[in-house]
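Numbering-wise (the working numbering), the sequence shown opens with residue 5 and increments by one.
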Amino acid sequence: MNIDSPILQFYSKKSSDVRGRMIEQIWQQDHEWLEKTHDYIQWLFPLTEKSRFNPHAPILTEEDIQAFRNREDLRTHLTKSLKLMLDFYGLSCSEMEGAKVEITLSQSFSQRKQVWVHWGNHNHMRITRILKCLRLLGLEIYAQAFFKCLQQIYILEKGEITKLTLSHWQEALQV
C-alpha cells in the first residue's frame, strides 16, 4: 500500500490538500463556499484520470483504490464528503439495515435546486465525478442510490437536466 499517497494522507486526516486545507476544514464550509470554490471537489472525490480543471488534483492509483476498498475509516470519510455535497444539493442520505442506502430530496431541495438544477450547470460535472469516485472506491450502493434520486429529479424538473447529462451520470456508474 502506498502510505505516502497524497489522497490517502488527506483522507486519513494526516495532511492537507495543495492549498493547505485539511479535509475537516472543507467539511465545515458553507454552501456559498462550496459553490464558488472549484478546486476542492477533486480532493473530496478523486479519480484515476487527470482533472482538466485542477492541475494539482490527486490522481488515484490502484493502491489508493484498494486502500479505500479495504479501510473502513477511508470509506467513512468518503461518505462524510458525500453527505456534505448531498446537503449542498438539497438531498439527504438514509442508511438502513442490510446495507441499504436511500438518497431523497430534503426539505431544502426547493431552495437548493436553484443553484444546480438547470441546463449546463457546472455542478452536473461535479455529480459525474462524485458518482464515478463512489463506484471506484467501494461505495457502489451510495452511487446507485444517488443516481436513483437524480433520475427522479430529472423527471420532476422536466427540461432542467438534459438527457445527455443523465446519460453521463449513468455512464459514471459503469466504471
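Glycine included, each C-beta is placed from N, C-alpha and C at the ideal position.
- A Cβ-Cβ distance of about 5 Å is found for the pair phenylalanine 92 and histidine 35, placing them in contact under the 8 Å criterion.
- For the pair aspartate 43 and phenylalanine 57, the Cα-to-Cα distance works out to about 8 Å.
- Within a 10 Å sphere around the beta-carbon of isoleucine 11 sit 16 or more other beta-carbons, which makes this residue buried.
- Taking a C-beta distance under 8 Å as the contact criterion, tyrosine 158 and leucine 86 do not qualify as a contact pair.
- Its chain contains Val22 as the residues whose beta carbon lies nearer than 6 Å to that of histidine 60, once the 5 sequence neighbours on both sides are disregarded; these appear in chain order.
- Our two residues, asparagine 74 and glutamate 106, have alpha carbons roughly 23 Å apart in a direct line.
- According to DSSP, residue pairing for lysine 104 in a beta bridge involves Met100.
- Residues of the same chain with a CB within less than 7 Å of the CB of glycine 163, apart from the 5 flanking positions on each side, do not exist.
- In this structure, the alpha-carbon of leucine 141 lies about 14 Å from that of lysine 84.
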